[in-house]
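The structure under discussion appears below in the form of structure tokens.
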Amino acid sequence: MRLKKIDVCVMLLLVITIAVLGSLLGARASSAVDVYVNAEKWPMWPEPYVRINERDITEPAMFLSIGREVVPWTYFGDTTVDSNNYVKLVGANFYVTVEKFTYDDKGNKQILSYVTIAPPISDEDDLFMIAQNSHVDTTSVSDIAYNLREIAVFPEYVSNWITYTVDSEDVQVANESFLADRSVDEYVYINDWKDFLVRDLAYLNLPGVDSADVVYADSGHAPPQVVWPYDPWLFSFRAKTGYYADEIPEKWKNRYVCLWPTNQGALHAYEVYNVEEPDSTPYASRTWLAVPEPSFRQAIYEQLKKAYGNDYMRFTVLDGPITIRDVKINGEWRRILVGVTGEGTKQLPKPQDAWTTLNQSDYDPTTSSPTLQDGGRVFGVYAFDITDLGETADTNTLKPLWSVTTVSYGTSAKVFSDYYPQNNTGADKSEYAAYANMLFSVSKPVIGYTRDENGNMKWHVVILGVEKPDANNNYKYMWLDVDPQDGHVISQGYFYNPAKGDYEALEGASFVEYGDFTPEEVERAFPSRILPAFPPPDAEYQEPLLSDIYVQLSNGGLYRWNLLYEGSDTNPEWIVTLKSERGDNIAPPLTDFDITHVYGDNPSAYHTYFAGNVLLRNVSGNASLDTEILVILDLTELQSMPIEKRSSIKVPPGQDGTVVSSKESHILVVQLELQKGTSSTYSKNVLASPVFINNRLFLAFYEMSIKGQGNNPNYSAVSRLYVFEFASYMGEGNTQQLEEAQLVYDEEKDAYIIEGGDYLDVKNIEAAMMFVDSLGNLVMLDQEGNVIGDPIPTGLTLNTDPPDPDLDNRGVKLVYWKKS
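In this text, residue positions in the sequence shown follow numbering that gives the first Met the number 0: the first is 0, and each later residue adds one.
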């Protein structure tokens, strides 16, 4: 058959078109054109989190909440990894439990129920982003893209890094544009990133979390923090601090707000309503979220990695704790928030085929990708002034105060290190140089004050962290004392151990069940802790200033630090280093710790005590295992010992969870094992931080497994609350039996109460959260926030009203300041 002329023309056109398309497609699939680039400007991407010894990402350690009307808490989902052991996005649920109450005819408070809320979120919730200490216009994707190119490309943004020719036209491609430049929808990644930040993540179908609830990325080392109407430390001692009711920020009166940073890269804010309103139902909702500048520099890459590899990965862009306090700046009380980015993000070169995969270029670089030599870190500290922040935030009331981002990495093409301070005071970059030495910080910032020689308040932010490795690959612990107004460094220092004759540095650890940890992994898995304690009874100042900061390092070192004086080799002062009695392994902290001062009729004869939970390597023949231990130390006695004797002190493994072991008066231990003599890894143990109240130790411990010998599933689960007068057990023997409390029905109260004993076991209960409410009742919740059983009166009389400023208010007699 003979074709018509027009058919032949069409056929030729089709052949030519197919040939051209094939050529273009082939170019996109493999770089047929040589594209050479400057490898020194090869952009870096964050490295996803690498799983440590198959350990799950678990809930951040929190204090046992005592006496508060609002209890925020989180529950993390399952941990899954890809073929490279990189952790995929870990989901988290966020809850807030609030008391619903009334008053009886006599004016007594009666709690009617506990309302647990998963605060609803909306696509309309206000989203804020901070770049160069200013607000980014989040309604403009082009403004977001501009600011990302300005500050989020390392080593720097290069607009014409790739150059090639198409149809005689030169095409210039950036080393990182954050756009799908060759696509019709070039802003797709930024729009998807905004959705990722703001939207409910249930559509991701993350493992181990209830998709019916609002789901977030996990929060790593960052527990949620409630912002109370007034600062409890300052208001409790207002006669000395000058912080009276009329000084409380007007916008915060009668408001309860929870702030929570997550590894989506955003700080979430939740307003909780009807907290102090009798006969009303509490409720809560998310009101806004903000991406601080250090997170803005890294969080976008979560979306780029998703577009490149089809999975959301876990990037630790904002997994560090936050602290909110009122401080005096230029004679005015201001409410500020200071946070750290936690572990920060190690760096990797951008994948060589990412430009074509992301539709950023028709060709990938021909130049080989640089070889990674040092993943370094992107880490940051940030601060907001939230004094004027109402229920609805805006760019005038959510004020970026200052931030510092440090960046370092090394490749075969470039070794890079720099730091980027931002402030509103004009402080010079050189005043922030000490930040450049800090690799990361997973410890809670401390905010407080000292007094100068004239008695004037001097305000501080203390940041405890890890220094970049030295030439011998030692990672020293370091601290920064910075100005809360603009973050510039006042002083810096280390922790000198006279028993070692050297400064403290991270140490690796080897456990029976938990496995081996590199020095850095120890700090990430068992972070160092810091606590500003109330001064002892004989201190010059009886007010909550920073004269008694205690630090528990991840290598077991315990220090006391008086910020009234300049740092030196004896300030912070070494007290003791906790190590296992069996195996000589370090005993790292599992939770926060607490400090108290105990005395009788003579305040000058006080003793200072420490309580903390640590992990021991317990080597004993065939019965070797890892053991969680409650340790109580008499610091007064320890500090009276010579250094040589203190350096030989070890932590014994104890007996079991019902026995106090205290052969010597300076140390007491309780083995936090409900399965005596069996492996702890079989259980899912949840430990709250210990709390001292009125000479008693409170500790909530939930073991979601079995009680008794062996891994027999017929044994019941147990949730336990320790409540015992610890001082009487110190030095009284190795096998002192704790008495189990009994639940006895009280006809007058028409309720069961705890009678006698040192601990309460609630069997067949797998609690996900335990707290003591404002009336002293023990309340247990399951992982969905449902109350388990009836609240149990503990007999604890709480000082829930602010103390009288005219009375002598000593720290040990106060519960109030420990409630945040």
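Every residue gets a Cβ at the ideal spot worked out from N, C-alpha and C, and that includes glycine. These numbers come from a predicted model, not from an experiment.
query, result
"C-beta atoms of I628 and V659 nearer than 8 Å", "no"
"Range of the contiguous alpha helix (DSSP H) that encloses V187", "V187 to V197"
"Collapsed DSSP secondary structure at S294 in the structure displayed", "helix"
"Spatial neighbours of E175 in its chain, beta-carbon cut-off 6 Å, leaving aside the 5 residues before and after", "P42 and V152"
"Reference L258; option with closest CA among A221, A532, Y243 and N273", "A221"
"Cβ shell of N473 (< 6 Å), same chain only, five flanking positions each side left out", "A504"
"Exposure of L303, with buried meaning 16 or more beta-carbon neighbours within 10 Å", "buried"
"Inter-residue Cα distance where the pair is K662 and G732", "5 Å"
"Cβ pair count under 8 Å reaching 3, the stretch 318-328 against the stretch 282-294", "no"
"Extent of the continuous beta strand (DSSP E) run through G375", "L371 to D384"
"Counted within 10 angstroms of its Cβ, other Cβ atoms place S527 as buried (16 or more) or exposed", "buried"
"DSSP three-state assignment for K499, whether helix, strand or coil", "coil"
"Opening and closing residue of the alpha helix (DSSP H) in which F234 lies", "P231 to S235"
"Residue interval of the beta strand (DSSP E) (run including Q879)", "Limits of the chain in this structure are 0 at one end and 819 at the other, which puts residue 879 out of reach."
"Sub-8 Å separation of A687 and L63 beta-carbons", "yes"
"Integer-rounded CB distance, given that V761 should sit under 8 Å from S718", "5 Å"
"Which of helix, strand or coil DSSP assigns to A221", "coil"
"8 Å contact criterion, which F415 and E342 should meet: CB distance rounded", "Actually they do not touch by this definition, with Cβ atoms about 19 Å apart."
"Where K250 sits in the DSSP three-state scheme", "helix"
"Cβ distance (whole Å) where G409 is taken to contact Q372 below 8 Å", "4 Å"
"Through-space distance from D469 to R376, alpha-carbon basis", "15 Å"
"Nonlocal neighbours in the same chain, by C-beta distance under 7 Å from M456, ignoring five residues either side", "K327, Y448 and R450"
"Proximity of H665 and L632 at Cβ, strictly below 8 Å", "yes"
"Buried versus exposed, by CB contacts within 10 Å (16 or more), E520", "buried"
"In DSSP terms, what F609 is bridged to", "I594 and L632"
"Which residues DSSP lists as bridging A130, in chain order", "S133"
"Nearest neighbour of V140, chosen from E643, F516, Q131 and V187 [CA to CA]", "V187"
"Rounded C-alpha distance that separates D485 from Q638", "37 Å"
"Buried versus exposed call for L397 [16 or more other C-beta atoms within 10 Å across all chains shown]", "buried"
"Straight-line Cα distance separating G207 from I601", "Per the sequence presented here, residue 601 reads as Asn, with Ile not at that position. Those two C-alpha atoms are separated by around 54 Å."
"Whole-angstrom distance between E155 and P364, CA atom to CA atom", "17 Å"
"Neighbourhood of V613 by C-beta distance below 7 Å, restricted to the same chain and skipping five residues each side", "L577, A586, P587, P588, L589, I628, V630 and V650"
"Chain-order list of residues whose beta-carbon lies under 6 Å from that of Y94 (same chain, five-residue window excluded)", "W72, T115, A117 and G784"
"Burial state of N84, where buried means 16 or more other Cβ atoms lie within 10 Å", "exposed"
"Residues sharing a beta bridge with A508, DSSP", "F516"
"C-beta atoms of D593 and P689 nearer than 8 Å", "yes"
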